[in-house]
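Using this note's numbering, you'd call the opening residue of the sequence shown number 134 and step up by one each time. The block underneath contains the structure these notes are about, expressed in structure tokens.
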Amino acid sequence: MLFAVTLTYRTPPAQIDEHLGPHRAWLADRTRAGHVLVAGPLDPPTGGLILAHGEDRAALDALMASDPFVVHGLVDVTVLAVSPALRHADFPARWAATAQAVAAA
134 MLFAVTLTYR TPPAQIDEHL GPHRAWLADR TRAGHVLVAG PLDPPTGGLI LAHGEDRAAL
194 DALMASDPFV VHGLVDVTVL AVSPALRHAD FPARWAATAQ AVAAA
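This is the structure:
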């Protein structure tokens, strides 16, 4: 299952910056493991977005609970489950198995 996760900053930028290194390392580890597909800051800089893959919502919640931003109470987390109906043909089917592949023009 795919999830769109938004992180909304609850604290001043200085506190976010203190934990940015560990947060990025956490993201890189979860990306290598195939749980985080895309992640990055929002513009304007009010937080970030993570496109994640997991077995179910409970697995995603457990994953997010280990994010240093969450551990230190720096962000509010909003999760939307996504049931993909379409995917670009280059998007890996393993992350959207039931979605119809659409080739590039």
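Just so you know, even glycine gets a beta-carbon here, dropped at the ideal spot from N, CA and C. Every value quoted in this text rests on a predicted model; they were computed, and no experiment measured them.
Open item on the list: Determine whether the beta carbon atoms of Leu184 and Ala137 lie at a separation below 9 Å.
Closed with: Taking 9 Å as the Cβ cut-off, Leu184 and Ala137 qualify as a contacting pair.
Open item on the list: What would DSSP say about Arg220, mapped onto helix, strand or coil?
Closed with: Secondary structure of Arg220 (DSSP, three-state): strand.
Open item on the list: Check whether the region 164-173 and the region 181-195 touch, using three or more Cβ-Cβ pairs below 8 Å as the test.
Closed with: Between the region 164-173 and the region 181-195 there are three or more C-beta pairs closer than 8 Å, enough to call the two in contact.
TODO: Decide if the region 138-150 is in contact with the region 215-233; the criterion is three or more beta carbon pairs, one per stretch, under 8 Å apart.
DONE: Cβ pair count under 8 Å is below three, so no.
Task: Endpoints, alpha helix (DSSP H) assigned at Leu184 - done: Not the alpha helix (DSSP H): Leu184 falls in the beta strand (DSSP E), residues 180-186.
Task: DSSP-derived helix/strand/coil call for Ala229 - done: Of the three classes helix, strand and coil, the one that applies to Ala229 here is coil, per DSSP.
Open item on the list: I need the straight-line Cα distance from Met197 to Ala237, nearest angstrom please.
Closed with: The straight-line gap from Cα to Cα measures roughly 33 Å.
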